[in-house]
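Quick notes on the structure that follows.
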Ligand code: ADP
Ligand code: MG
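Numbering (this note's numbering), first residue to last: 974 to 1192.
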């Protein structure tokens, strides 16, 4: 489902983000990407999301070589990848419902599908009653659950999570992990970058460790 073949990213200033990454992730897997600060986790996530293109190597997502996609073909990625960030990135002047609906309108989902899916994903994350609230009326955990609802609203086969629990207290973080585990059990492939060792230990999933831009263990 995801293949990174000999992927290297060197930034314009000459510093290496990741080096010769070979990573293969099967459909339905739940994979943690761990490593200390500066090890290359964010670079790897940005490469998967095509926020960056590799200097060398290929990235293949769902059979498509994304490093060869042009700007017009980017919607392909939006349909295949859901994304959750540490800082939620909700639109502040839209309600929770509108935030989720907006992500569906971007990929031109029909109105009736939007009206069906938005309440369904909001209730899946336990926010069935909070769709009318604006982000600043929600707790951190509720904001992240809204962001998670938005990420899965288009039913993407892959969910990319960049430190999704980084701004949350341990109990709230645990709730988010429980939801991610449920989403994974429904068939979504999940790649999650984190340095929350306790969460990684508790979840018992595949753990890919990077150090200085290189994969040093995969177990
Ligand atoms: P992590 O997310 O694990 O903390 P990063 O992917 O952010 O690691 O960083 C990996 C390496 O790439 C570091 O050496 C960092 O300094 C470098 N790096 C990250 N972003 C940039 C950038 N925009 N320009 C230059 N170097 C960068
Ligand atoms: Mg980072």
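Glycine included, every Cβ here is placed at the ideal spot set by N, Cα and C.
(message) Extract the residue ranges of the beta strand (DSSP E) inside the stretch 1119 to 1150, only unbroken runs of 3 or more that lie entirely within it.
(response) 1131 to 1135
(request) Using a threshold of 8 Å, state whether the C-beta atoms of residue 1199 and residue 1017 are closer than that. (result) What the structure shows of the chain is the stretch from 974 to 1192, and residue 1199 is not part of that stretch, so it cannot be assessed.
(message) Using C-beta distances below 6 Å, list every residue in its chain close to residue 1055, excluding the 5 sequence neighbours before and after it, in chain order.
(response) 1124, 1125, 1129, 1132
(request) Indicate, with yes or no, if the ligand ADP has a heavy atom lying under 7 Å from the CB of residue 1101. (result) no
(request) Return helix, strand or coil for residue 1180, following the three-state DSSP convention. (result) strand
(request) Indicate whether residue 996 and residue 974 have their beta-carbon atoms separated by less than 8 Å. (result) no
(request) Using only the heavy atoms of the ligand MG, determine whether one of them is closer than 7 Å to the beta carbon of residue 1015. (result) yes
(message) Short of 8 Å in beta carbon distance, which residues of its chain neighbour residue 979, apart from the five on each side in sequence? Order them along the chain.
(response) 993, 994, 995, 1029, 1030, 1031
(message) With a threshold of 6 Å on Cβ separation, who are the neighbours of residue 1117 within its own chain once the five nearest residues in sequence on each side are excluded?
(response) 1061, 1149
(request) From the DSSP output, read off the bridge partner residues of residue 1152. (result) Partner(s): none; residue 1152 has no beta bridge.
(message) Determine whether the beta carbon atoms of residue 1141 and residue 1113 lie at a separation below 8 Å.
(response) yes
(request) Let me know if residue 1175 comes out buried or exposed under the rule of 16 or more other beta-carbons within 10 Å of its beta-carbon. (result) exposed
(request) Determine the extent of the beta strand (DSSP E) in which residue 1007 is found, giving its start and end residues. (result) 1003 to 1007
(request) Could you give the DSSP three-state label for residue 1174: helix, strand or coil? (result) helix
(request) Please determine if the stretch 1074 to 1092 and the stretch 1162 to 1172 are in contact, where contact requires at least 3 C-beta pairs separated by less than 8 Å. (result) no
(message) Please report the distance separating the alpha-carbon of residue 1044 from that of residue 1172.
(response) 36 Å
(request) Have a look at 1191, 1192, 1184 and flag the residue whose alpha-carbon is nearest the alpha-carbon of residue 1011. (result) 1184
(request) Look at the alpha carbon of residue 1075 and the alpha carbon of residue 1013, and state the distance between them as a whole number of angstroms. (result) 31 Å
(message) Here's a check: name, in chain order, each residue in its chain whose Cβ is nearer than 7 Å to the Cβ of residue 1072, leaving out the five neighbours to either side.
(response) 1063, 1064, 1119, 1123
(message) What does the alpha-carbon distance come out to for the pair residue 1009 and residue 1034?
(response) 26 Å
(request) Identify every residue that forms a DSSP beta bridge with residue 974. (result) DSSP output for residue 974 lists no bridge partner at all.
(message) Taking the straight line between their C-alpha atoms, what separation do you get for residue 1037 and residue 1025?
(response) 16 Å
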